[in-house]
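Before any comments, here is the structure.
In this note's numbering, the protein residues as written are 18 to 327.
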């Protein structure tokens, strides 16, 4: 099985490294427009194989011909966030980049599954879907896996428990309008509201919403370790056809009273991509947050259409 990672920046290189370390595919192709960058990073990753004991072949390239017949593609290409920059600031520039790489990739791999990581995530998934012409189940965005990981991390830090015992769910758009669901969050099977007061939960929810921005302020650029690992987990779920239920940006056709957008929902992943979008019962307040988040995604789509028309 062959996996292509588009973009050899920090996130893309981390995706390639994590996928290689899992030793579940025969080949990982790391592609970028900068000559020497993907080749160097791929060689560095490959030289760790005797240490981490994986047989996956990692190759760097600037030529999409080398990505031909890929089974899965992870798109990380685009400009990173800088201090003071919102995800929305990236809209027009990254849409152009994502459209271009999608066109070049699908021309060589028309039967693949695409996972989008580029920001603004929900809109970039839409651009990829429309550009590729793929069935909706074969295009998805990596958002909820990362957001949930941050949420679970903060819960574990607060309670002093293992992250292994925390199950959590977030929905909605990737970013400030995400919809964490504390009542669907458990620690060792115990609902979170029984272990924390409402004020503490709200503080963790707020930190999760701005988790990416917190790292941008500290480092001066976007996160890459957790996003890369999150995308690799989605790849693993598809490759192994494990039926993992993971939160990801999926194309809705009426689920959760929304349609015609990509937004974060729980989905069962497998060989065909999104095998099933799982609908859970939301309380009125949660559904209202979901509507607000969906409207934010639609506003971004409208802004992109306006910018493209200029």
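Ideal Cβ placement from N, Cα and C applies to all residues, glycine included.
Keep in mind it's a predicted model, so treat the numbers as computed, not measured.
Figure out for me which residue from the options has the closest Cα to the Cα of residue i.
i: residue 179; options: 122, 169, 33, 113; result: 169
i: residue 162; options: 33, 27, 270, 249; result: 249
i: residue 48; options: 238, 27, 283; result: 27
i: residue 75; options: 52, 115, 32; result: 32
i: residue 164; options: 267, 187, 157; result: 187
i: residue 93; options: 246, 213, 38, 309; result: 246
i: residue 51; options: 36, 24, 317; result: 24
i: residue 160; options: 215, 272, 236, 194; result: 194
i: residue 328; options: 135, 303, 190, 166; result: The structure shown does not extend to residue 328, since the chain is modelled only from 18 through 327, so no value can be given for it.
i: residue 152; options: 176, 203, 129; result: 129
i: residue 258; options: 293, 138, 85; result: 293
i: residue 154; options: 138, 115, 183, 286; result: 286
i: residue 237; options: 69, 97, 323; result: 97
i: residue 271; options: 288, 110, 311; result: 311
What span of residues does the beta strand (DSSP E) with residue i cover, start to end?
i: residue 306; result: Premise fails: residue 306 lies in the alpha helix (DSSP H), 301–326, not in any beta strand (DSSP E).
i: residue 46; result: 44–48
i: residue 260; result: From DSSP, residue 260 is part of no beta strand (DSSP E); its letter is neither H nor E.
i: residue 284; result: 276–287
i: residue 84; result: Careful: residue 84 lies outside any beta strand (DSSP E) and carries neither H nor E.
i: residue 78; result: 74–78
i: residue 290; result: 290–294
i: residue 92; result: 89–92
i: residue 297; result: It is not in any beta strand (DSSP E) - residue 297 carries neither H nor E in the DSSP assignment.
i: residue 21; result: 19–23
i: residue 133; result: 130–133
What residue range is occupied by the uninterrupted alpha helix (DSSP H) comprising residue i?
i: residue 232; result: 228–236
i: residue 41; result: Looking at the DSSP string, residue 41 is not in any alpha helix (DSSP H), and its letter there is neither H nor E.
i: residue 54; result: 54–63
i: residue 108; result: 108–123
i: residue 67; result: 66–69
Under the assumption that residue i contacts residue j (Cβ atoms under 8 Å), give the Cβ distance between them as a whole number of angstroms.
i: residue 119; j: residue 148; result: 4 Å
i: residue 20; j: residue 252; result: 6 Å
i: residue 269; j: residue 255; result: No, residue 269 and residue 255 are not in contact; Cβ-Cβ is about 20 Å, not under 8 Å.
i: residue 62; j: residue 132; result: Contact flag wrong, Cβ pair sits at about 19 Å.
i: residue 82; j: residue 126; result: That belief does not hold up - the Cβ atoms of residue 82 and residue 126 are roughly 11 Å apart, past 8 Å.
i: residue 225; j: residue 197; result: 6 Å
i: residue 174; j: residue 291; result: That pair is no contact at about 31 Å.
field: Cβ pair count under 8 Å reaching 3, the segment 231–241 against the segment 263–277
entry: no
message: Below 8 Å, how does it come out for the segment 207–222 and the segment 40–60: are there three or more Cβ pairs, yes or no?
response: no
query: For the segment 146–188, which segments carrying the alpha helix (DSSP H) assignment without a break, of at least 4 residues, lie completely within its bounds, in sequence order?
result: 161–176
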